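Encoded as structure tokens, the structure appears first; notes follow it.
Numbering (my numbering), first residue to last: 62 to 617.
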């Protein structure tokens with residue numbers, strides 16, 4: 062029988078050491094700083110979060126805006142989930158893939174896209190002003206909660222579509238048909254048959270959306286302005302603007318507790334969606350679109366998805382090419398120019414180079430850490446798997462801003478004095494990206510027939526050769542998918558990078574944020590141009606992932 066040798070166990074220690082140094086140690090420092098600040102009474106920063114009216118408002122806003130965002134996302138996406146689950150029509154696969162693109166876009170790009178569409182000088186306002194001869198923009202959403210909520214629905218639409226639609230597509234339609242035969246109305250069939258079966262999936266998707274919107278940073282920081290602050294935004298302000306590290310640590314600690322608690326609840330709901338319910342293959346539950354009413358409903362859903370998910374991206378690119386009048390690549394060319402002739406000026410093109418270099422480094426490290434972690438999770442020891450699996454997924458439940466803050470207070474003194482090192486950014490990106498490598502590779506790795514390895518071992522192949530000649534060809538596409546995920550995630554990461562990047566090594570999202578915060582048409586045009594480049598790279602990366610994907614294998 063083919064067995065893993067000791068060197069695989071040694072390799073499996075690598076991800077654990079990496080998590081210990083760059084995840085658990087920074088979190089421990091956050092805990093120490095929040096509970097026992099260098100100055101003041103113990104627990105004082107944590108207590109201030111519940112006694113200071115300002116922080117109470119921040120916590121309250123984070124909670125109820127996430128609740129409102131979740132409700133709006135469910136209302137917007139559930140009709141689409143039904144259409145994708147129950148009907149068979151041309152172009153469905155392509156539209157499902159397109160609907161996933163907003164979710165993988167960097168938050169700064171999403172913010173720039175909505176600004177280009179709905180901002181004071183955005184596409185929609187210019188069209189309305191031209192059509193009705195108005196002197197001022199009729200739509201004034203910049204710096205409002207409405208724009209934040211719209212961006213959250215745009216960003217998380219596919220979460221509900223994928224989770225609820227996937228469950229709905231596999232439910233046996235015979236249950237609904239039997240209830241109808243017994244005289245139940247459509248509303249009663251939905252209320253007493255379909256909805257109870259879908260509730261675990263709806264609850265799981267709602268929790269996931271709530272987690273994402275509760276920890277929102279880039280969209281709130283850019284679109285909301287100074288009036289609105291989530292916990293994430295307040296951690297950034299307390300760290301960078303006020304330099305109140307104990308309060309920032311207390312906020313980060315509270316953020317971690319909420320996120321991990323909700324993540325644990327989400328995993329329990331996900332387990333309920335896996336209960337045996339006499340599920341059916343998708344092909345057997347789909348039916349053609351017949352009748353004018355169903356066709357009209359399908360067209361309405363497709364049109365709604367196009368307006369919500371595609372129009373902001375089209376507006377972003379169009380605005381980058383037409384800002385200032387006429388179609389031009391002027392602002393794309395400015396990305397390589399030093400308009401101030403300053404010796405200390407870092408051109409935007411350098412940010413593109415930095416982002417690519419950081420992304421390559423993060424991708425390599427994510428593969429070196431993620432592959433041994435995936436192999437560890439294929440161990441036959443069920444107890445060990447039950448412990449390691451959630452440990453490797455913990456970075457997904459921790460916000461990037463919290464992670465960046467932890468690095469600031471933990472990695473600025475020996476033996477891990479990395480605060481002045483440019484390596485800190487790709488290390489943070491690696492921690493965020495390597496769980497995606499694990500989840501991309503693990504299903505394929507578990508599906509390898511063990512007899513293939515045993516046959517190679519019987520023929521005299523050592524363990525290393527078995528892995529190289531048996532495993533590697535099978536998991537190659539999954540590894541490439543994980544690499545593309547890691548690269549695109551690193552390229553667009555904003556929260557941790559904004560805290561950790563050095564002025565001489567800016568990244569594309571950081572430069573976009575700086576341009577958006579400066580007056581002048583050239584600054585705004587360069588922000589749109591760089592956002593368009595980042596959007597195009599992300600879209601191409603996701604298209605590559607969809608083409609490389611092996612059926613429905615993979616967890617993202």
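Even glycine gets a Cβ: it sits at the ideal position worked out from N, Cα and C.
Note that the coordinates shown come from a computational prediction; the quantities given were computed from them, not determined experimentally.
Between the alpha carbons of residue 468 and residue 221 lies a gap of roughly 33 angstroms. Here residue 149 carries a strand assignment [DSSP, helix/strand/coil].
Rounded to the nearest whole angstrom, the C-alpha separation of residue 154 and residue 380 is 29 angstroms. With a 10 Å radius around the Cβ and a threshold of 16 neighbouring Cβ atoms, residue 351 comes out exposed. Leaving aside the five residues that flank residue 189 on each side, the residues in its chain whose CB is nearer than 6 angstroms to its CB run, in chain order, 199. Here residue 497 has 543, 546, 547, 550, 617 as same chain residues with Cβ atoms under 7 angstroms from its own Cβ, once five neighbours each way along the sequence are excluded. Counting other Cβ atoms within 10 Å of its Cβ, residue 361 stays below 16 and is therefore classed as exposed. In this structure, residue 169 lies near residue 573, with their beta-carbon atoms less than 7 angstroms apart. Between the alpha carbons of residue 397 and residue 486 lies a gap of roughly 23 angstroms. Bridge partners of residue 478 according to DSSP: 473. Using a 10 angstroms sphere on the CB of residue 373, the tally of other CB atoms reaches 16 or more, which defines it as buried. Looking only at 183, 134, 145, 166, the smallest Cα-Cα distance to residue 383 is reached by 183. Taking 7 angstroms as the cut-off, the Cβ atoms of residue 297 and residue 462 count as close.
Pairing residue 165 with residue 603 gives a Cβ-Cβ distance under 7 angstroms. Of the other Cβ atoms in all chains shown, fewer than 16 fall within 10 Å of the Cβ of residue 207; this residue is therefore exposed. Three or more beta-carbon pairs separated by less than 8 angstroms link the stretch 409-426 to the stretch 568-583, which places the two stretches in contact.
For residue 369, the closest C-alpha among the options 457, 211, 148, 433 is that of 211. Residue state for residue 442 is assigned as coil, using DSSP reduced to three classes. Under DSSP, residue 348 forms a beta bridge with 148.
Here residue 433 is buried: its Cβ has 16 or more other Cβ atoms, across all protein chains shown, within 10 Å. With respect to the 7 angstroms criterion, residue 565 and residue 490 are not classified as neighbours on the basis of their beta carbons.
Here DSSP, grouped into helix, strand and coil, assigns residue 587 to helix.
Boundaries of the alpha helix (DSSP H) harbouring residue 95: 86-96, taken from the DSSP string. The shortest CA-to-CA distance from residue 493 to any of 408, 430, 293 is the one to 430. Annotation note: the stretch 145-209 contains the following uninterrupted alpha helix (DSSP H) runs of length 4 or greater, listed N- to C-terminal: 153-165, 168-179, 184-193.
Residue state for residue 283 is assigned as helix, using DSSP reduced to three classes. A distance below 8 angstroms between beta-carbons, with the five flanking residues on each side excluded, links residue 388 to the following residues of its chain, in chain order: 382. When Cβ pairs closer than 8 angstroms are counted between the two stretches, the stretch 470-480 is seen not to touch the stretch 513-531, the count staying below three.
Per the Cβ contact rule, the stretch 251-263 is not in contact with the stretch 170-179 (fewer than 3 Cβ pairs under 8 angstroms).
The Cβ neighbour count for residue 582, taken over all protein chains shown within 10 Å, is under 16; the residue is labelled exposed. Between residue 217 and residue 136, the alpha-carbon positions lie close to 12 angstroms from each other. In the DSSP annotation of this structure, residue 243 is not part of any alpha helix (DSSP H), being labelled neither H nor E. Contact between residue 277 and residue 291 holds: their C-beta atoms lie close to 5 angstroms from each other, under 8 angstroms.
Beta-carbon to beta-carbon, residue 284 and residue 172 are separated by about 5 angstroms, close enough to satisfy the 8 angstroms threshold.
No residue range can be given for residue 290, since it is assigned to no alpha helix (DSSP H) and is classified by DSSP as neither H nor E.
Spatial neighbours of residue 326 in its own chain (CB-CB distance under 7 angstroms, excluding positions within 5 residues in sequence) are listed in chain order as 268.
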